[in-house]
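Below is one structure, written out as structure tokens, with a few remarks after it.
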Amino acid sequence: MTTTMVNNRVTEITLLIWVNTFPLDTEVNSVRDLCDGNILSKMIGSPDYAIHDLVPNPGSAKWLNNKKSLEAVYRSLLRYIGDKCPNLDSIVHESKVDLNAIAEQKDEQETIKLLTIFLLAVMEGPSNRDYINLITTKLDISAQEEIKKVILEANSLGLTSVKFNKLSAKEYPSTSSQHLDLSPEEKYAALLTENENLKRKYADFMTRFERLTRSHEELIQHSNHLDVRLDHVTGYNGYDRSDLIKTHDKHIEELEDIIASQEQELEVGRVLQERQNREIASLRPAVARLTEYQDELKEVKMENLNLVKKANMVDHYLKKLENHTLLQRENSELREKIDLLDENQKDYDKVHEENLRYKKTAAEYGSRFQQQELHIVELSTQKNALKQEVQILNEKIIELNERQQHDEKFINDLQEQMRTSAQICPDSPNIIKRGLSLEDELKQVEEMPNDTQDISTSKNETKIKQQSIANVQLAQLNIDLAESERAKKQLEKLYRELLEKYTTEQQSNALLRISPSEKNESLENLRKLYLETSQELTVTKAALARIQSESLVLDRELLENNELAAAVSSKSPLAFKDLSLTNDLAEVSAEHRLYHRPSETLKELTAQDIKQKNKLSQENSPNEEKASLKYESLQVFRKVTLESMLRNLMRENALIATAWFDLTNRLQSNHVVIQRRHDMPRSWLSNQRHIVTS
Numbered sequence: 001m002t003t004t005m006v007n008n009r010v011t012e013i014t015l016l017i018w019v020n021t022f023p024l025d026t027e028v029n030s031v032r033d034l035c036d037g038n039i040l041s042k043m044i045g046s047p048d049y050a051i052h053d054l055v056p057n058p059g060s061a062k063w064l065n066n067k068k069s070l071e072a073v074y075r076s077l078l079r080y081i082g083d084k085c086p087n088l089d090s091i092v093h094e095s096k097v098d099l100n101a102i103a104e105q106k107d108e109q110e111t112i113k114l115l116t117i118f119l120l121a122v123m124e125g126p127s128n129r130d131y132i133n134l135i136t137t138k139l140d141i142s143a144q145e146e147i148k149k150v151i152l153e154a155n156s157l158g159l160t161s162v163k164f165n166k167l168s169a170k171e172y173p174s175t176s177s178q179h180l181d182l183s184p185e186e187k188y189a190a191l192l193t194e195n196e197n198l199k200r201k202y203a204d205f206m207t208r209f210e211r212l213t214r215s216h217e218e219l220i221q222h223s224n225h226l227d228v229r230l231d232h233v234t235g236y237n238g239y240d241r242s243d244l245i246k247t248h249d250k251h252i253e254e255l256e257d258i259i260a261s262q263e264q265e266l267e268v269g270r271v272l273q274e275r276q277n278r279e280i281a282s283l284r285p286a287v288a289r290l291t292e293y294q295d296e297l298k299e300v301k302m303e304n305l306n307l308v309k310k311a312n313m314v315d316h317y318l319k320k321l322e323n324h325t326l327l328q329r330e331n332s333e334l335r336e337k338i339d340l341l342d343e344n345q346k347d348y349d350k351v352h353e354e355n356l357r358y359k360k361t362a363a364e365y366g367s368r369f370q371q372q373e374l375h376i377v378e379l380s381t382q383k384n385a386l387k388q389e390v391q392i393l394n395e396k397i398i399e400l401n402e403r404q405q406h407d408e409k410f411i412n413d414l415q416e417q418m419r420t421s422a423q424i425c426p427d428s429p430n431i432i433k434r435g436l437s438l439e440d441e442l443k444q445v446e447e448m449p450n451d452t453q454d455i456s457t458s459k460n461e462t463k464i465k466q467q468s469i470a471n472v473q474l475a476q477l478n479i480d481l482a483e484s485e486r487a488k489k490q491l492e493k494l495y496r497e498l499l500e501k502y503t504t505e506q507q508s509n510a511l512l513r514i515s516p517s518e519k520n521e522s523l524e525n526l527r528k529l530y531l532e533t534s535q536e537l538t539v540t541k542a543a544l545a546r547i548q549s550e551s552l553v554l555d556r557e558l559l560e561n562n563e564l565a566a567a568v569s570s571k572s573p574l575a576f577k578d579l580s581l582t583n584d585l586a587e588v589s590a591e592h593r594l595y596h597r598p599s600e601t602l603k604e605l606t607a608q609d610i611k612q613k614n615k616l617s618q619e620n621s622p623n624e625e626k627a628s629l630k631y632e633s634l635q636v637f638r639k640v641t642l643e644s645m646l647r648n649l650m651r652e653n654a655l656i657a658t659a660w661f662d663l664t665n666r667l668q669s670n671h672v673v674i675q676r677r678h679d680m681p682r683s684w685l686s687n688q689r690h691i692v693t694s
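In full-length UniProt numbering, the protein residues as written are 1 to 694.
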């Protein structure tokens with residue numbers, strides 16, 4: 001019934017539309033809304049079959065309350081069918097509705113089955129015409145056809161003979177005016193359903209005919225049996241009837257005894273039945289309670305099952321937690337081991353890198369030291385070359401001094417000639433008494449022809465050119481000296497870096513190889529190093545004092561040069577002679593300081609660094625770090641002292657060179673003015689005067 005009665009979604013929607021024709025408080029949208037039994041109880045509507053015990057128990061589950069409501073509705077529906085629709089008893093007996101599935105699982109098929117029983121009960125009830133009017137007025141044609149189809153399918157299964165055929169054509173709304181095109185199809189469908197109904201009726205008639213035939217045959221057999229018994233009874237007609245009567249009387253007495261005993265048994269059975277009925281009546285609440293207890297037992301079993309599942313889940317998670325804690329503990333131990341191994345590996349890598357770095361530093365130090373030695377050799381060769389150049393320049397200076405003496409002698413001769421000429425030709429007593437001025441001397445020189453002036457002038461020009469060449473060479477030598485100083489500083493810096501790396505390597509090796517027995521020896525070495533450092537400090541102080549004394553000497557020389565420059569400005573022959581000697585001394589002393597002192601300083605620094613390197617290479621004590629710090633401070637102090645000394649020397653050299661160039665220019669100007677040729681134009685004389693005045 002459940003598979004053939006409702007086979008598609010259209011039937012479900014149609015039944016929901018039919019349910020909404022009842023006077024309900026809310027509209028029903030799905031079959032699941034009927035699972036609580038409230039709407040079905042309102043659909044009954046009759047006060048005789050109304051349900052009054054639908055109050056839910058808040059302590060029990062929801063599906064139990066729904067089940068109680070559905071059971072009350074179903075009992076009321078069965079009473080209504082038993083009172084008003086006796087033809088539907090077979091349907092109710094054959095199609096059992098599973099209320100548990102509706103209440104607990106909200107089964108749609110079982111709910112539709114219950115709605116179908118409601119529909120059949122409404123159509124078989126006494127007020128079916130009112131419900132038919134509702135169907136025809138509130139539902140459309142398709143819904144009406146679907147309801148009719150449901151009822152006809154129920155009839156085809158032999159469930160009931162519904163009175164749906166009472167819906168005459170007058171009771172249906174006229175469809176010809178609404179659907180003119182569908183009227184043949186509707187007629188064909190009506191004829192088809194009528195044909196199916198006739199076939200079903202024919203099958204019912206044939207089944208009844210077969211049953212009647214079998215009943216007729218059974219009646220014939222029973223009649224034949226009665227005839228046989230009648231013939232047997234009539235066969236005693238020839239015998240004595242008294243015996244027959246006696247036998248019948250006995251038989252009747254036996255039958256009466258049997259009837260009496262059966263009546264007594266019947267009375268006992270009736271009493272027993274009454275007692276059983278009373279027991280049943282007294283047991284009905286117990287049965288109800290038993291059903292409730294069974295429902296509660298099911299609920300408790302379900303809760304117990306859920307609790308067992310939860311307990312199993314808790315045990316499972318507890319085991320997982322224990323495993324997780326064990327894994328965490330093992331993980332922490334492994335992490336500690338890994339950290340320890342990482343630290344050991346880092347220490348090993350650090351030591352390995354330091355060893356590689358030390359090896360690389362040692363190799364680089366060796367290569368750099370070789371380069372430095374080669375560079376020192378180059379510097380020594382350059383120094384020798386510079387010495388040779390200085391010797392050449394000294395020879396040139398001697399030659400220039402000889403020329404200067406010759407020029408001075410020539411000037412003295414000229415002065416004597418001027419005096420003799422003044423005595424021979426006295427022009428005026430004023431001139432003899434007070435001497436001639438520079439302009440008068442120039443005029444006299446122009447008037448007096450002198451053959452030796454050309455030679456002296458050419459010699460002076462040659463001397464000026466040689467001096468300019470010497471100045472250029474001196475400037476080039478100064479540039480070379482600056483480059484050598486810069487290279488020396490770079491070498492010193494590189495040497496200090498290599499020395500620091502070497503000392504660091506030696507200190508690290510000493511720290512690695514240190515032992516308690518070497519502490520005393522290291523302390524002794526430290527004391528020796530301290531004493532040597534103190535001695536070097538005293539030596540450095542002595543060198544500083546010596547440098548200061550040299551600076552004072554240079555200051556005195558500079559003062560003397562300034563005095564000589566002032567004397568030259570007086571333009572006297574004695575001043576010229578003293579100036580030449582001063583120039584020679586200044587040039588020689590400046591060149592000597594420029595070329596000899598840096599080389600000596602470089603030698604001294606190189607010797608001290610090599611000595612310090614040998615000391616550091618021999619000492620491998622744990623306190624070498626302090627010694628290296630003291631050595632570094634000493635090196636810094638020495639560097640500052642040397643730099644200040646070099647700056648002072650360079651400044652003094654610059655001052656001496658400036659004074660020397662100034663005096664040379666003045667001397668050349670005065671000499672050119674004195675040795676002026678008589679045939680030179682006045683414009684050249686004006687230029688020379690401008691040079692002298694500037």
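C-beta atoms are modelled at their ideal positions from N, C-alpha and C, and glycine is treated no differently.
Return no unless some Cβ of chain B is closer than 9 Å to the Cβ of residue i.
{"i": "alanine 286", "result": "Absence of chain B from the displayed structure is noted, only one protein chain being present."}
Run the CB neighbour count on residue i, radius 10 Å, all protein chains shown included, and call it buried at 16 or more, exposed below.
{"i": "glutamate 395", "result": "exposed"}
{"i": "glycine 37", "result": "buried"}
{"i": "alanine 654", "result": "exposed"}
{"i": "asparagine 128", "result": "buried"}
{"i": "threonine 503", "result": "buried"}
{"i": "serine 41", "result": "buried"}
{"i": "phenylalanine 118", "result": "buried"}
{"i": "glutamine 388", "result": "exposed"}
{"i": "asparagine 525", "result": "buried"}
{"i": "lysine 319", "result": "exposed"}
{"i": "valine 162", "result": "At valine 162, the pLDDT of 36 sits below 50, so the modelled position is not reliable; the number obtained from the coordinates is stated separately. Per the 10 Å Cβ criterion, buried."}
Can you find the residues in the same chain that come closer than 7 Å, C-beta to C-beta, to residue i, ignoring five residues on each side of it along the sequence?
{"i": "asparagine 20", "result": "Glu27, Val28"}
{"i": "residue 695", "result": "One cannot answer for residue 695 here, as it falls past the ends of the chain, which runs 1 to 694."}
{"i": "asparagine 66", "result": "Cys35, Asp36, Gly37, Ala103"}
{"i": "lysine 84", "result": "Gly125, Pro126"}
{"i": "lysine 346", "result": "none"}
Please state whether the Cβ-Cβ distance between residue i and residue j is less than 9 Å.
{"i": "lysine 106", "j": "cysteine 35", "result": "yes"}
{"i": "valine 31", "j": "leucine 120", "result": "no"}
{"i": "tyrosine 80", "j": "isoleucine 102", "result": "no"}
{"i": "threonine 291", "j": "leucine 139", "result": "no"}
{"i": "tyrosine 131", "j": "leucine 99", "result": "no"}
{"i": "glutamate 124", "j": "leucine 152", "result": "no"}
{"i": "leucine 386", "j": "glutamate 485", "result": "no"}
{"i": "glutamate 104", "j": "tryptophan 63", "result": "yes"}
{"i": "tyrosine 495", "j": "glutamine 372", "result": "yes"}
{"i": "residue 707", "j": "lysine 148", "result": "Nothing can be reported for residue 707: it is not among the residues displayed for the chain, which extend from 1 to 694."}
{"i": "residue 699", "j": "isoleucine 135", "result": "Since the displayed the chain opens at 1 and closes at 694, residue 699 lies outside it and no answer follows."}
{"i": "asparagine 412", "j": "isoleucine 547", "result": "no"}
Less than 6 Å between C-beta atoms, sequence neighbours within five positions excluded: which residues of the same chain meet that for residue i?
{"i": "leucine 16", "result": "Val28"}
{"i": "asparagine 478", "result": "none"}
{"i": "glutamate 402", "result": "none"}
{"i": "threonine 111", "result": "Val31, Leu34, Ile102"}
{"i": "alanine 61", "result": "Glu299"}
Less than 8 Å between C-beta atoms, sequence neighbours within five positions excluded: which residues of the same chain meet that for residue i?
{"i": "leucine 498", "result": "Thr361, Glu364, Tyr365, Arg368, Phe369"}
{"i": "leucine 230", "result": "none"}
{"i": "glutamate 217", "result": "none"}
Tell me the start and end of each unbroken alpha helix (DSSP H) in the UniProt domain "HOOK N-terminal" (14-151) that is at least 4 residues and wholly inside, in chain order. Complete alpha helix (DSSP H) runs here, min 4: 38-44, 62-84, 89-94, 108-124, 128-138.
Does the stretch 346-361 come within contact of the stretch 484-491, defined as at least 3 CB pairs closer than 8 Å? They do not touch, by the three-pair rule.
Contained alpha helix (DSSP H) runs [length at least 4] in the stretch 476-502, N- to C-terminal order: The alpha helix (DSSP H) runs lying completely inside the stretch 476-502 and spanning 4 residues or more number zero.
List in chain order: all unbroken beta strand (DSSP E) runs of 3+ residues lying wholly within the stretch 339-385. Scanning the stretch 339-385 from its first residue to its last, no whole beta strand (DSSP E) run of 3-plus residues comes out.
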